[in-house]
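Asks: Below is one structure. I have some questions about it.
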Ligand code: NAP
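Residue numbers (the numbering used here): 114 to 410.
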C-alpha cells in the first residue's frame, strides 16, 4: 500500500506558518505581502487558477489583487501595466497567468517583470540563479514539490530521479532543483522528453519519478519498479459527463496500476496542485521580506 501524498495537508501546514509570519509583520507595523495577478481573457482554467491563488492569499493574510483584461488587450498595454507594477513599492509579487492570447509574446511579458517580483520564478534571472544554485525565487511548481517531499521525509540524496518533461516551468527547473546540492537535492537526475527512445527503461530504473508531460494516464504500472515514489504533475481536463462541470482533472499517471507498486504517490487532484500555490505564497513572502530589507538598508 503506497502512502498517498496529500498536497492539501502539506499546503495547509505551510499556509498556517505563513499566517503566523504575516501576523508578526503586521504586529511590527509593517504591511503584509501583496501579490498581484494579471488575468487576460475568459479561459475557464486560468480563471479557476487565479481565483484559487487570490483566495489562498486572503486566507494567509496577504493582500491579493487581480487585474483583468479582455483578450483584445495589446502587448504594449500589458507591458505598460507590468512596468507600473514593477515601480509600485506597495506590490511585492506579480504573476501573469499563462497562456496569453496568441497576439501577445509571452516571453516578452514574462521578461518584463522585475526579477525580484517574479514570484512564479519564470524570469531568466531567477532561472539563471536556480541553475547556478544561487539564492533566488524558485519556480513555484517544482519548488512546491520539493516542499512536499521534505514534509513527507522522502530523501532525494543519492536517488535516481526521472523527470518526464523538459518545459521551462516544470520539468527543466524540477531537474535542476533535484540535482542541486541541498536538503531536497543531491539526486542523480535523468530528464526524459518526447524524443527519448525506450522511455520506460528509464522509469523502470527510477527511485523517484516526476511525471510532467500533460498526457493523461501516460505512466502505467509496468513502467515503474516496486517501491518507487511517484509525483504526478499532470492536470489535463478530460470529458466526463458524470461530473457537473462535464470534465474532470486527469494526471499523467495511471493511478490504478501504479499505486500498488509505489511506496508513495500523489493523487490528482489534491497532490501537486495545492503545492504550486503554497510555493507561490512562500515566494511572495520572501519577496516582501527582501523589499523590507532593501528599504531599511
Ligand atoms: P509542456 O510545456 O507542454 O511540456 C510537456 C513536456 O512533456 C515537453 O517537454 C514534452 O517534450 C514532454 N512530452 C510530451 N509528450 C511526451 C511523451 N509522449 N513522452 C515523453 N515526453 C513527452 O507542459 P508543462 O507546462 O510542463 O505541463 C505539464 C503538465 O503539468 C500539464 O498537464 C500541465 O497542465 C501540468 N501542470 C500542472 C501544474 C500544477 O500545479 N499541478 C503546474 C504546471 C503544469 P518535448 O520538449 O520534446 O516536446
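From the three backbone atoms N, C-alpha and C, an ideal C-beta is built for every residue, glycine too. Keep in mind it's a predicted model, so treat the numbers as computed, not measured.
1) Can you list, in chain order, the residues of its chain with a C-beta nearer than 6 Å to that of residue 303? Leave out the 5 residues immediately preceding and following it.
2) Relative to the C-alpha of residue 373, which residue among 348, 262, 191, 336 is closest?
3) When you compare only the Cα positions, how much space is there between residue 399 and residue 239?
4) Within the segment 185 to 239, note down every full beta strand (DSSP E) run reaching 3 residues or more, in order along the chain.
5) Sorted by chain position, which residues of the same chain lie with C-beta nearer than 7 Å to residue 294's C-beta, five sequence neighbours on each side aside?
6) For the beta strand (DSSP E) containing residue 273, list its first residue and its last residue.
7) Which residues bound the beta strand (DSSP E) around residue 147?
8) What residues in its chain sit with their C-beta under 7 Å from that of residue 224, if we drop five residues either side in the sequence?
9) Determine contact between the segment 194 to 205 and the segment 362 to 369, defined as no fewer than three beta-carbon pairs at a distance below 8 Å.
10) Among 248, 322, 234, 144, which residue has its Cα nearest to the Cα of residue 405?
11) On a CA-only basis, which of 321, 162, 209, 133 is nearest residue 226? Give me that one, please.
12) Are the beta-carbon atoms belonging to residue 391 and residue 124 less than 8 Å from one another?
13) Candidates 329, 305, 191: which alpha carbon is nearest residue 154's?
14) Counting Cβ pairs, one atom from each stretch, are 3 or more of them under 8 Å apart for the segment 169 to 188 and the segment 242 to 258?
15) Would you report the Cα separation of residue 222 and residue 292, rounded to the nearest angstrom?
16) Taking 7 Å as the cut-off, is the beta-carbon of residue 276 closer than that to any non-hydrogen atom of ligand 1?
17) Quickly, what does DSSP pair residue 117 with across the bridge? List them, please.
18) Helix, strand or coil for residue 177? Go by DSSP, reduced to three states.
19) Taking only heavy atoms of ligand 1 into account, decide whether any of them is closer than 7 Å to the Cβ of residue 307.
20) Tell me whether residue 347 counts as near ligand 1, meaning its Cβ is closer than 7 Å to at least one heavy atom of that ligand.
21) What does a CB cutoff of less than 6 Å around residue 410 pick up in its chain, not counting 5 residues either side in sequence?
22) For ligand 1, I want to know if residue 391 counts as a neighbour, meaning its beta carbon is within less than 7 Å of at least one of the ligand's heavy atoms.
23) Any chance the CB of residue 319 is under 7 Å from a heavy atom of ligand 1?
24) Cutting at 6 Å between CB atoms, please list the residues of its own chain near residue 312, excluding the five before and the five after it.
25) Is residue 231 buried or exposed, if buried means 16 or more other CB atoms sit within 10 Å of its CB?
26) In three-state DSSP terms, what is residue 362?
27) Between the Cα of residue 122 and those of 388, 216, 403, 256, spot the shortest distance and give me the residue it belongs to.
Replies: So, from the data block:
1) 275, 315
2) 336
3) 13 Å
4) 206 to 209
5) 246
6) 273 to 277
7) 147 to 153
8) 236, 237
9) no
10) 144
11) 209
12) yes
13) 191
14) no
15) 29 Å
16) no
17) 378
18) strand
19) yes
20) yes
21) none
22) no
23) no
24) 305
25) buried
26) strand
27) 388
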